[in-house]
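Report on the structure given below.
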C-alpha cells in the first residue's frame, strides 16, 4: 500500500512560482487488479500528501498530524471527503465502463484516472481549477473552467452530447473547483503553515561515474520544491553542455534535483572558472566550485555489481509493471488533440 501511495506521489508536478499554492486530488480506478484496491484517491497540498482513501478502507485518512488537528476542529472536512470518496468511486467506475464499451468491448483490465483541484495565488488571489480524465494513459476529457466547457479526445468525442447536456455536472465541478477547493486550500495552509511553508537547505555534492563522464551537481533534502540549479562559467549561466534533471521527491517529504555538465571539452586549467549554483527562495545561494578534489566518483570493486544490478533492475521492472497502472501520465507524449 505504501509503495502505491509513493508511486502516486511521484506524478505531482512542481510549482513554478513561490506565491502559488495547490490542492490537488488524484483518483484511480482499475477493477480486476487483485493486488490493489479497486479505487484509490490521494489529496495533495503543495506537493505534500495530506489525505488518502480507497475502496477497501471506505474512509478518508489524514496523512499529516496538522491535518488530524484540522479534522478534529472541523469534522465536516472528514465527512465530506468520505462521502466524496464513495461517490467518486462509483462515478469513476461508471465512466470507465462507458469508455470500455466504446474503446474495448472485448474486455480486459483498464485504468481510468482523474486529476482535479485548484491553484491559488496568494498575491493576486487568482484561482485556477482543473479536472481531467485519463483512460489507459491517454487524456480523454478535460474541463476548460474559464470557458465552462468540456474538451474531448477523438476517442471519447461520442460522450460530448451527453456531457454537454448535463448542466448539473458542470455546475458541481465549477462550485467545487472555484469555491470549495480554494477555501479548503487556505485552511490547509493555515493549519500546516509551519510544515508547508518551511524552508530546508539541501546538501549539494558533485558526482561523477568515471573521469570521462558528466559531472553531476546533485542537491538533496531541500524544501519546498520551488528551486533552480544551473552551471556557470566566469559568473555567466551556461545553456550548452548542460542537462537539467527533474525535481524528484524523497521519502521524507523533501526533494532532490541535479544538473549535469559535459566537461569533455573543458581544459584542466579552466575548471576553476566553473561553478554550480543552487537557488531556493528564502535561503542564500549554494555555490559549489568545479573541483576534482571534491568530486565523488565510483571506485573499482570486486563485488559482482553486474549480477546485483541485474536482480535489482528485474525487481524494479516487476514493480513498475504492477504499480504503473496507477501512474497519472500528465505529460502523455502520445496525447491526442482534445475536441471542444
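Numbering (mature numbering (1 follows the signal peptide of the UniProt record, and there is no 0)), first residue to last: -18 to -1, 1 to 322.
Built from N, CA and C at the ideal position, the CB exists for glycine as well.
Would you call residue i buried or exposed, if buried means 16 or more other Cβ atoms sit within 10 Å of its Cβ?
{"i": "residue 124", "result": "buried"}
{"i": "residue 10", "result": "buried"}
{"i": "residue 206", "result": "buried"}
{"i": "residue 143", "result": "exposed"}
{"i": "residue 93", "result": "buried"}
{"i": "residue 240", "result": "buried"}
{"i": "residue 233", "result": "exposed"}
{"i": "residue 54", "result": "exposed"}
{"i": "residue 116", "result": "buried"}
{"i": "residue 6", "result": "buried"}
{"i": "residue 296", "result": "Because residue 296 sits at a pLDDT of 44, beneath the cut-off of 50, its placement in the model cannot be relied upon, and the following sentence gives the value as read from the coordinates. Exposed, because fewer than 16 other Cβ atoms sit within 10 Å of the Cβ of residue 296."}
{"i": "residue 113", "result": "buried"}
{"i": "residue 229", "result": "buried"}
{"i": "residue 250", "result": "exposed"}
{"i": "residue 71", "result": "buried"}
{"i": "residue 31", "result": "buried"}
{"i": "residue 326", "result": "Given that the chain is displayed from residue -18 to residue 322, the structure contains no residue 326 and the question cannot be resolved."}
{"i": "residue 118", "result": "buried"}
{"i": "residue 61", "result": "exposed"}
{"i": "residue 162", "result": "exposed"}
{"i": "residue -13", "result": "Because residue -13 sits at a pLDDT of 45, beneath the cut-off of 50, its placement in the model cannot be relied upon, and the point is left open."}
{"i": "residue 14", "result": "exposed"}
{"i": "residue 57", "result": "exposed"}
{"i": "residue 46", "result": "buried"}
{"i": "residue 59", "result": "buried"}
{"i": "residue 87", "result": "exposed"}
{"i": "residue 148", "result": "exposed"}
{"i": "residue 200", "result": "buried"}
So, using beta-carbon positions, are residue i and residue j closer together than 8 angstroms?
{"i": "residue 171", "j": "residue 209", "result": "no"}
{"i": "residue 264", "j": "residue 202", "result": "no"}
{"i": "residue 37", "j": "residue 109", "result": "no"}
{"i": "residue 225", "j": "residue 197", "result": "no"}
{"i": "residue 328", "j": "residue 138", "result": "This structure does not reach residue 328, given that the chain is present from -18 up to 322, and the question cannot be answered."}
{"i": "residue 164", "j": "residue 258", "result": "no"}
{"i": "residue 127", "j": "residue 156", "result": "yes"}
{"i": "residue 267", "j": "residue 253", "result": "no"}
{"i": "residue 277", "j": "residue 190", "result": "yes"}
{"i": "residue 104", "j": "residue 3", "result": "yes"}
{"i": "residue 63", "j": "residue 29", "result": "no"}
{"i": "residue 132", "j": "residue 145", "result": "yes"}
{"i": "residue 83", "j": "residue 140", "result": "no"}
{"i": "residue 152", "j": "residue 179", "result": "no"}
Just to check my reading of the structure: residue i and residue j have Cβ atoms closer than 8 angstroms, yes? What is that Cβ distance to the nearest angstrom?
{"i": "residue 256", "j": "residue 215", "result": "5 angstroms"}
{"i": "residue 168", "j": "residue 52", "result": "Going by Cβ atoms, the distance from residue 168 to residue 52 rounds to 12 angstroms, so no, they are not a contact pair."}
{"i": "residue 183", "j": "residue 212", "result": "With 8 angstroms as the limit, residue 183 and residue 212 do not qualify as a contact, their Cβ atoms being about 17 angstroms apart."}
{"i": "residue 8", "j": "residue 27", "result": "About 12 angstroms separates the two Cβ atoms, so there is no contact after all."}
{"i": "residue 21", "j": "residue 74", "result": "7 angstroms"}
{"i": "residue 48", "j": "residue 177", "result": "6 angstroms"}
{"i": "residue 91", "j": "residue 12", "result": "6 angstroms"}
{"i": "residue 186", "j": "residue 260", "result": "5 angstroms"}
Any contact of the segment 37 to 47 with the segment 63 to 70, i.e. 3+ C-beta pairs under 8 angstroms?
-> Put simply, the segment 37 to 47 touches the segment 63 to 70. At least three CB pairs are less than 8 angstroms apart.
Enumerate, from N- to C-terminal direction, the unbroken alpha helix (DSSP H) stretches of 4 or more residues contained entirely within the segment 123 to 166.
-> 142 to 147, 149 to 157
Which runs of the beta strand (DSSP E) fall wholly inside the segment 204 to 286 and span at least 3 residues, in chain order?
-> Counting only runs of 3 or more, we get 209 to 215, 224 to 226, 237 to 243, 256 to 262, 268 to 271, 277 to 279.
Which whole runs of the beta strand (DSSP E) in the segment 77 to 129 are 3 residues long or more, in chain order?
-> 94 to 103, 109 to 117, 120 to 126
Runs of alpha helix (DSSP H) lying entirely within the segment 37 to 76, each at least 4 residues, in chain order | 47 to 55
What alpha helix (DSSP H) runs, 4 residues minimum, are completely inside the segment 172 to 201?
-> 175 to 178
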